[in-house]
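Asker: The following block contains the structure, expressed as structure tokens.
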Amino acid sequence: DGGITQSPKYLFRKEGQNVTLSCEQNLNHDAMYWYRQDPGQGLRLIYYSQIVNDFQKGDIAEGYSVSREKKESFPLTVTSAQKNPTAFYLCASSKGRTASEQYFGPGTRLTVT
Amino acid sequence: KNEVEQSPQNLTAQEGEFITINCSYSVGISALHWLQQHPGGGIVSLFMLSSGKKKHGRLIATINIQEKHSSLHITASHPRDSAVYICAVESSNFGNEKLTFGTGTRLTIIP
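Rendered as structure tokens:
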């Protein structure tokens, strides 16, 4: 059963701690994306990767880091430098190196206090 | 001004009503997407279109490239259609690498 998994669904952290969000896909997709969703705003792109061992900054990359060591995995680290990390984070993937027909994971809701 | 604008922001209707959600954009695009976000947060792709009209079940999506406008219609609406509907565009300026999203339309269908 192919799809994208994100874990955990809910995550709580204290301010000043780094936290890593997991994203795994078994769709054999080349491209993967991380988005942030805040109330009243559209999804905003944090980072994206079109091939293994390569990734590009999106519109709001400051305070975040990613890696793409395997095609299936694209973890996102929210660092202590991110000023307002509490948000809903969505991972997505697409076949090929275009944004077409993105498949989304279920999301991780991160709360930092 | 956002590159992608949706209207209305919120829409409440009775079961069975015909629903229209609008999306306007200000950039050149190669394709437009309609997405559905369920209350739990998961997002599914409904349509991707670059011209004309597409239909899937009770959902119809249209796009007018000259007017930079798209509409999503739902016929015979049902409470299970209650969700946030999101319009997103692939801007040709970015070489099709990224999507730009609208803020979404929250649809509530009352039984």
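Here the protein sequences line up with chains U and S, keeping their order. The numbering of the first sequence is my numbering, which starts it at 1072 and goes up by one. The numbering of the second sequence is my numbering, which starts it at -1 and goes up by one. Cβ atoms here follow ideal geometry from the backbone N, Cα and C, with glycine treated the same way.
For U/M1103, which residues from the same chain have a beta carbon less than 6 Å from its beta carbon, with the 5 sequence-adjacent residues on both sides left out?
Answerer: For U/M1103, where only same-chain residues beyond five positions count, the Cβ hits under 6 Å are S1120, F1145, S1164.
Asker: With a 10 Å radius around its C-beta and 16 neighbouring C-beta atoms as the bar for buried, classify U/R1139 as buried or exposed.
Answerer: Buried is the call here.
Asker: How about S/K53: is its C-beta nearer than 8 Å to some C-beta of chain U?
Answerer: Not closer than 8 Å to any Cβ of chain U, the Cβ of S/K53 fails to qualify, so no.
Asker: How do the segment 1092 to 1103 of chain U and the segment 1150 to 1166 of chain U stand: do at least 3 beta-carbon pairs fall below 8 Å, yes or no?
Answerer: Segments in contact, yes.
Asker: Taking Cβ positions only, does S/L97 come closer than 8 Å to chain U?
Answerer: Closer than 8 Å: yes.
Asker: Given a limit of 7 Å on CB to CB distance, which residues of the segment 55 to 73 of chain S reach chain U?
Answerer: Within the segment 55 to 73 of chain S, no residue has a Cβ that lies closer than 7 Å to any Cβ of chain U.
Asker: Since S/N62 is in the beta strand (DSSP E), which residue starts that stretch and which ends it?
Answerer: Per DSSP, S/N62 belongs to the beta strand (DSSP E) from 57 to 62.
Asker: Could you tell me which chain S residues have their CB closer than 8 Å to the CB of U/P1177, listed as they occur along the chain?
Answerer: Within chain S, the residues near U/P1177 are G38, G39, G40.
Asker: Whose C-beta lies closer than 8 Å to the C-beta of S/L97 among residues of the same chain, with five residues either side of it excluded?
Answerer: Closer than 8 Å at Cβ, skipping near neighbours: H31, A86, V87, E88.
Asker: Please find out if some non-hydrogen atom of the ligand FAD comes closer than 7 Å to the beta-carbon of S/T18.
Answerer: The ligand content of the structure shown is nil, which means the ligand FAD is not present either.
Asker: Between U/S1171 and chain S, is there a C-beta pair that is closer than 8 Å?
Answerer: Judged by the 8 Å Cβ criterion, U/S1171 is in contact with chain S.
Asker: Apart from the five residues on each side of it in sequence, which residues of its chain come closer than 6 Å, Cβ to Cβ, to U/T1182?
Answerer: Result list for U/T1182: F1083, T1157, in chain order.
Asker: Tell me the DSSP bridge mates of S/A86?
Answerer: Its beta-bridge partners are S/H31, S/F99.
Asker: Given a limit of 9 Å on CB to CB distance, which residues of the segment 1079 to 1092 of chain U reach chain S?
Answerer: Listed by position, the residues of the segment 1079 to 1092 of chain U near chain S (Cβ gap below 9 Å) are K1080.
Asker: Count the other C-beta atoms from every protein chain shown that fall within 10 angstroms of the C-beta of U/Y1135, then say buried if there are 16 or more, exposed otherwise.
Answerer: Buried is the call here.
Asker: With DSSP as the reference, label U/R1084 as helix, strand or coil.
Answerer: If DSSP states are grouped into helix, strand and coil, U/R1084 belongs with the strands.
Asker: Below 7 Å CB to CB, which residues in the same chain sit around S/I27 once its five sequence neighbours on both sides are set aside?
Answerer: V87, E88, S89, S90, listed in sequence order.
Asker: Taking contact to mean 3 or more Cβ pairs, one atom from each stretch, closer than 8 Å, check whether the segment 1073 to 1082 of chain U and the segment 57 to 69 of chain S are in contact.
Answerer: With a cut-off of 8 Å, the segment 57 to 69 of chain S and the segment 1073 to 1082 of chain U do not count as touching, because too few Cβ pairs lie within range.
Asker: Looking at C-alpha atoms only, which residue of U/A1152, U/V1123, U/W1105, U/S1171 is the closest neighbour of U/E1133?
Answerer: Of the candidates U/A1152, U/V1123, U/W1105, U/S1171, the one whose C-alpha sits nearest the C-alpha of U/E1133 is U/A1152.
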